[in-house]
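Remarks on the structure that follows.
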Amino acid sequence: MKNNHDHLAYFLISLVIGMLGLSFAAVPLYRLICQKTGFGGTPQIGLLKSEKLKEDHWVRVKFTASINRNLPWEFEPKQNEVKVKIGEPMLVYYSAQNKADYPIIGMATYNVSPDKMGIYFGKIQCFCFEQQKLNPHQKMDMPVLFTISSDILKDSSTKDIKVVTLSYTFFEYKP
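For the sequence shown, the working numbering gives the first residue as 58, with consecutive numbering after it.
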């Protein structure tokens, strides 16, 4: 009888440890899955390559910006939207200004919508890849270089999408 209780105790302890391990691994695994599949509007990150197409195909990309309410910055896109030729790189800028009397490090998160466009939205260079430090009252323009993959033309679920929104939210980074 005691042997059965020992097995049950080991099983339950193993189960608890396994669940604890999975809870710690959930966030990195979710990010990895989103980056690989484009799920959740996560754009692909890649190298610059221009794709030559037989026909011109265009998509309008709109830009939005927001900040966490605890971050004393102003943050906005330099342009509200651009018309992007599919397969061609596009460079746009966002602007941020620290309104505080002390330096602040910020980190941006991003999203592409509609979600199914995330896999075709390739970021080549982005301020969101790194922390951004702004000194007191400093203003900085930050580039985003991206492309929309021509693979979008092979996906019937995206054929009616003519407008894509790229959204950023800045948060204060506290190491």
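Glycine included, each C-beta is placed from N, C-alpha and C at the ideal position.
### Cutoff 8 Å; reference Y177; Cβ partners in own chain excluding five residues on either side
Translated into positions along the sequence shown, residue 177 becomes position 120. Only G95, Q101, I205, S206, D208, I209, D212 and T215 meet the Cβ criterion.
#### Entry: Cβ distance (whole Å) where I162 is taken to contact K142 below 8 Å
On the sequence shown, residue 162 is found 105 positions in, with the first residue counted as 1. On the sequence shown, residue 142 is found 85 positions in, with the first residue counted as 1. So it is not a contact: roughly 36 Å between Cβ atoms.
### Message
Within a Cβ cutoff of 6 Å, which residues of the same chain sit near N125, ignoring the five residues on either side of it in sequence?
### Response
Position 68 of the sequence shown holds residue 125. F228, listed in sequence order.
### Task
Report back the beta-carbon spacing between I181 and F203 to the nearest angstrom; my notes put them in contact at under 8 Å.
What you label residue 181 is simply residue 124 of the sequence shown in a count that begins at 1. What you label residue 203 is simply residue 146 of the sequence shown in a count that begins at 1. So it is a contact: roughly 6 Å between Cβ atoms.
### Cβ-based neighbour list, E138, same chain, cut-off 7 Å, excluding 5 preceding and 5 following
Translated into positions along the sequence shown, residue 138 becomes position 81. The answer, listed in chain order, is R117, V118, K119 and F120.
### Task
Look up G61 in the DSSP assignment and say whether it is helix, strand or coil.
In the sequence shown, counting from the first residue as 1, residue 61 sits at position 4. The question names Gly, but residue 61 is Asn in the sequence shown. Of the three classes helix, strand and coil, the one that applies to N61 here is helix, per DSSP.
### Query
So, is the C-beta of S170 closer than 7 Å to a C-beta in chain C?
Within the model displayed, chain C is absent; a lone protein chain is all it includes.
### Query
When the Cα of N192 is compared with those of A153, Y225 and T222, which residue comes out closest?
The residue labelled residue 192 in the question sits at position 135 within the sequence shown. The shortest CA-to-CA distance from N192 to any of A153, Y225 and T222 is the one to A153.
### Query
In terms of residues, what are the limits of the beta strand (DSSP E) holding A157?
Position 100 of the sequence shown, counted from the start, is the residue given in the question as residue 157. If you look at A157, you'll find it isn't in any beta strand (DSSP E); DSSP assigns it neither H nor E.
### Message
Please classify M174 as buried or exposed, where buried requires at least 16 neighbouring CB atoms within 10 angstroms.
### Response
Residue mapping note: residue 174 aligns to position 117 of the sequence shown, counting from 1. Counting Cβ neighbours within 10 Å, M174 comes out buried, since at least 16 surround it.
### Query
Whose C-beta lies closer than 8 Å to the C-beta of L110 among residues of the same chain, with five residues either side of it excluded?
Along the sequence shown, read from residue 1 onward, the residue named residue 110 stands at position 53. At L110 the pLDDT is 46, less than 50, meaning the model places this residue with poor confidence and gives no usable figure here.
### Task
Give the DSSP-derived three-state secondary structure of D198 in the structure shown.
Residue mapping note: residue 198 aligns to position 141 of the sequence shown, counting from 1. In this structure, D198 counts as strand in the three-state DSSP scheme.
### Task
Taking only the alpha-carbon atoms, compute the straight-line gap between A165 and V73 and give it to the nearest angstrom.
Within the sequence shown, numbered from 1, the residue matching residue 165 stands at position 108. Within the sequence shown, numbered from 1, the residue matching residue 73 stands at position 16. So the two alpha carbons sit approximately 35 Å from each other.
### Task
State buried or exposed for N155, treating a residue as buried only when at least 16 other CB atoms are found within 10 Å of its CB.
Against the sequence shown, residue 155 aligns to sequence position 98. Classification of N155: buried, given that the 10 Å Cβ count is 16 or more.
### Message
Just to check my reading of the structure: L223 and Y150 have Cβ atoms closer than 8 Å, yes? What is that Cβ distance to the nearest angstrom?
### Response
As a first step, residue 223 is located in the sequence shown; it is residue number 166 there, counting from the start. As a first step, residue 150 is located in the sequence shown; it is residue number 93 there, counting from the start. Cβ-Cβ separation between L223 and Y150: approximately 12 Å, too far for a contact (criterion under 8 Å).
### Task
With DSSP collapsed to three states, give me the class of I162.
Locating residue 162 in the sequence shown gives position 105, where the first residue counts as 1. In the structure shown, I162 sits in a strand (DSSP, three-state: E or B).
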